[in-house]
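> Going by this note's numbering, the sequence shown opens with residue 1, and the numbers climb by one from there.
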Amino acid sequence: MSSLPNTGRLLADVGGTHARLAWQDGAGAPIGQVRVLAVADHASLQDAIRAYLAGIGRQPAQAAVAMANPVTGDLVRMTNHHWAFSQAALRAEFGLATLRVLNDFTALALALPFLPAHERRQVGGGVAVPGAAIGLLGAGTGLGVSGLLPDGAGGWVPLEGEGGHVTLPATTARERLVADGLVQRHGHASAERVACGSGLLETFHILCAADGADPGALASAAAVSEAALAGTHPQALEALRLFCGVLGAVAGNLALTLGARGGVYIGGGIVPRLGQWFDGSPFRAAFEAKGRFQAYLREIPVWVITSPQSPALLGAARALDAAA
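Here's what the structure looks like:
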């Protein structure tokens, strides 16, 4: 690779659209030299890493990579992109003494206890119960789900799962219409099929087809979102409201499943961009709409993560600390 000495840590948060790479000199050191690379611009994770390291002129001794996919063995394959790699081969190629590969939302969960108050915005609910379980989910290229459980000794155990692929909780006639359309197209309607970027676009097209409406030139999730916020297309607005309602229903399910009285965090790339509009969306009502447990959920705070730098990078660093 290079004649440079292997010191310090490479940290990466890899989603289906962007890979965020950063450098840390060692445990507890500041995280810096953050670069955001488009995954479509690189043939593989290794290519992206090589480009990043060449740009900063460093060679790591350790690396932690948070990936938007399950990590169940040596071979890691992304769910919403074609990148795949062997952990053993990656470790050997870059001469790493330590490599930690984990789900991106597991990494984000590890960062939650260290998230400053000014990097989150509360959307309803009361006060978090100290030491109670915490839920986490977020929509971007996919729908990530995780959380933290207390370990009984003042620390936390992060969850590693694929909760974004649970069956879509369709409760209204229009949600059932969308769910039926998704089943016809894909064989299964998961929560992620609505609550992610491509899901927002697909929901919009299903609604337009059902109503005989012209989708116009809205050919991306960003375009649908912009039209919804501007109020220029009724089905775009309905698709975004449905997106938020489904996200709320899934978040409420997660809160009930975990007993997440420590609060629920919303990450991912989509919701933070919606700003204050999200606060008045159907999200909170859907979160609380659980019949006899509405009062239970009404007290649980939900926070939108507003950090300018991906907190999953800090979570990746914490994963390396635990591996030491």
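Positions of the beta carbon are idealized from the N, C-alpha and C atoms, including for glycine.
Taking residue 54 as the reference, give the member of 16, 35, 282, 313 with the closest Cα.
Here residue 54 is taken as the residue at index 54 of the sequence shown, counted from 1. Out of 16, 35, 282, 313, 35 has the C-alpha closest to the C-alpha of residue 54.
> Just the C-alpha distance for residue 74 and residue 99, rounded to the nearest angstrom, thanks.
Your numbering for residue 74 matches position 74 in the sequence shown. Your numbering for residue 99 matches position 99 in the sequence shown. Whole-angstrom Cα-Cα distance: 11 Å.
> Let me check understanding here. Comparing Cα to Cα, which of 263, 104, 173 lies closest to residue 12?
Here residue 12 refers to the residue found at position 12 of the sequence shown. Checked all of 263, 104, 173; the closest Cα to residue 12 is 104.
> In the structure shown, what three-state DSSP assignment does residue 203 receive?
Walking along the sequence shown from the start, residue 203 turns up at place 203. Residue state, collapsed to three classes: helix.
> For residue 304, count neighbouring Cβ atoms within 10 angstroms of its own Cβ and tell me buried if that reaches 16, exposed if not.
As a working mapping, residue 304 is identified with position 304 in the sequence shown. So residue 304 ends up on the buried side.
> Figure out for me which residue from 210, 212, 233 has the closest Cα to the Cα of residue 218.
Here residue 218 refers to the residue found at position 218 of the sequence shown. If we check each option's Cα against that of residue 218, 233 comes out closest.
> Whole-angstrom Cβ separation of residue 163 and residue 297, contact assumed at under 8 Å?
As a first step, residue 163 is located in the sequence shown; it is residue number 163 there, counting from the start. As a first step, residue 297 is located in the sequence shown; it is residue number 297 there, counting from the start. Not really, about 17 Å apart at Cβ, beyond 8 Å.
> What alpha helix (DSSP H) runs, 4 residues minimum, are completely inside the segment 41 to 122?
Within the segment 41 to 122, the complete alpha helix (DSSP H) runs of at least 4 residues are 45 to 56, 87 to 93, 104 to 111.
> For residue 290, which residues in the same chain have their Cβ closer than 7 Å to its Cβ, ignoring the five residues on either side in sequence?
Position 290 of the sequence shown holds residue 290. For residue 290, where only same-chain residues beyond five positions count, the Cβ hits under 7 Å are 252, 256, 297.
> If residue 68 sits next to residue 141, beta carbons under 8 Å apart, how far is it from one beta carbon to the other, in whole angstroms?
Here residue 68 is taken as the residue at index 68 of the sequence shown, counted from 1. Here residue 141 is taken as the residue at index 141 of the sequence shown, counted from 1. Contact holds; Cβ gap of about 7 Å.
> Measure the C-alpha to C-alpha separation of residue 261 and residue 199 and round it to an integer number of angstroms.
Locating residue 261 in the sequence shown gives position 261, counting from the first residue. Locating residue 199 in the sequence shown gives position 199, counting from the first residue. Their Cα atoms are separated by approximately 29 Å.
> What does DSSP give as the partner residue(s) for residue 139 in the beta ladder?
Start at 1 with the first residue of the sequence shown, and residue 139 comes out as number 139. Partner(s): 143.
> Can you give me the C-alpha to C-alpha distance between residue 57 and residue 33, rounded to a whole angstrom?
In the sequence shown, the residue the question calls residue 57 occupies position 57. In the sequence shown, the residue the question calls residue 33 occupies position 33. If you take the alpha carbons of residue 57 and residue 33, they lie about 11 Å apart.
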